[in-house]
Each structure stands twice: as structure tokens, then as C-alpha cells.
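Counting in the working numbering, the sequence shown runs from 304 upward without gaps.
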Amino acid sequence: MEKEEIRIAFNEIKGFLDKYFPDNYNESEEYEECYHINVYSQDEEDSSVWFEFDIGNSELIVGYGISHIHYGKQYGIEISEGLNRLLDFFTTKMKRTDYYKGKVNFKNVYEMKRENGTYENLGTSSMLFLYPFWKETTKKVTEHSELIKDENIKTELGKIRDRINNVC
Numbered sequence: 304m305e306k307e308e309i310r311i312a313f314n315e316i317k318g319f320l321d322k323y324f325p326d327n328y329n330e331s332e333e334y335e336e337c338y339h340i341n342v343y344s345q346d347e348e349d350s351s352v353w354f355e356f357d358i359g360n361s362e363l364i365v366g367y368g369i370s371h372i373h374y375g376k377q378y379g380i381e382i383s384e385g386l387n388r389l390l391d392f393f394t395t396k397m398k399r400t401d402y403y404k405g406k407v408n409f410k411n412v413y414e415m416k417r418e419n420g421t422y423e424n425l426g427t428s429s430m431l432f433l434y435p436f437w438k439e440t441t442k443k444v445t446e447h448s449e450l451i452k453d454e455n456i457k458t459e460l461g462k463i464r465d466r467i468n469n470v471c
């Protein structure tokens, strides 16, 4: 994917956020032509969806919580796959499971709900040694509803997906 195509895709998504989430996202320019964006739900619910477009290096990073994937030729995964994953994050329920030993959070599992009702693991983060491993394990599950619930907005997002996939 060429820089100009990446710029077009970024502008499509940014325009969508400006229209439907004007007060529900933060954008920062990390360095020239590298933009980091956190997106929050319209219900002011906490959300952990974020992405980073590095137009200059032809790279896209898509994340939920600490779990993230790098997309670009240098990683062997096309940016278009990352764009589709990002757009999925807007319309899909997400779940984070925190595991504790005593009061210490030692592991987090990030998942996305699929259409068939099962969950796809997006990633796991954990500590190796610095927690009281002998204590009882407890867990806390936090579910995040989809960022977009309105069917008209979902339809527009589908059109954006089609335009991006045609460009990319």
C-alpha cells in the first residue's frame, strides 16, 4: 500500500470520527505523518480501542488495550487487513478479563465477540515473576459494548470499508 493510499484511508476514518465521534476521540501527532488516536464510546463508556497511522513508514497499528498488531509490508500483513480489523472494532463487542493473584493483576486477556457468539482472542499480556503466584486466582471480566450501535452509522461505516478496500 502506497503512502497516498494510506493517507486516503486515514482521511476517510478521520472524517468518520469527526462526523460521528467529534467529542469521543483524542488525536496526537507522534511525529511527522504519524497519528495516534484513542476512540471512546458515545455513551461515555470506557473504551480501549486505539490505532496509529504512520503514513511516512507505511504502517498501521491497531490495538485494544495493551494488545495490538502491526500491519504493513515489513510485517508481512497488509495494511488493508488492519483497516478491516479497526472497522470491526467499531461494531463489535469487546471483553477484557483481568486475572489476579491476591490484589496483583498478573494477566489480561483481550477478546472480540464474533458474529456466531464466540470470542476471538486478540492477545494476552502477563507478568512472569513479580506476583504472588501462590495466592488464589480471581478474575474480573469487563465487557465493552460496540462503539457504534446505530444501524445508519453502521451502514455508512460499511460504505467507508468498501471505499477503503477499493483504494487499498
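Ideal Cβ placement from N, Cα and C applies to all residues, glycine included.
Quick check: residue i and residue j, are their CB atoms within less than 8 Å of each other?
i	j	result
M327	Y338	Contrary to the premise, residue 327 reads as Asn rather than Met in this sequence. No, they are not a contact pair.
F319	L460	yes
K317	S361	no
K457	I463	no
Could you give the distance in angstroms between the alpha-carbon of residue i and the alpha-carbon of residue j?
i	j	result
G405	H447	25 Å
V444	E454	27 Å
F393	G379	24 Å
R310	H373	17 Å
K410	F432	11 Å
S370	Y434	21 Å
N314	V412	31 Å
E330	I358	15 Å
N419	F324	28 Å
E333	T395	28 Å
Indicate whether at least one CB of chain E lies closer than 8 Å to the CB of residue i.
i	result
K462	Considering every chain present, this structure includes no chain E. It has just one protein chain.
So, for residue i: in the same chain, excluding its five sequence neighbours on each side, which residues have a beta-carbon less than 8 Å away from its beta-carbon?
i	result
E414	M397, K398, R399, T400, Y422, E423, N424, L425
Am I right that residue i and residue j are in contact with their C-beta atoms under 8 Å? What's the rounded C-beta distance?
i	j	result
L363	G375	7 Å
F354	G366	7 Å
Self-check item: Cβ contact check for the region 370-388 and the region 461-470: 3 or more pairs under 8 Å
Solution: yes
Self-check item: Cβ contact (3+ pairs, closer than 8 Å) linking the region 395-404 and the region 427-444
Solution: yes
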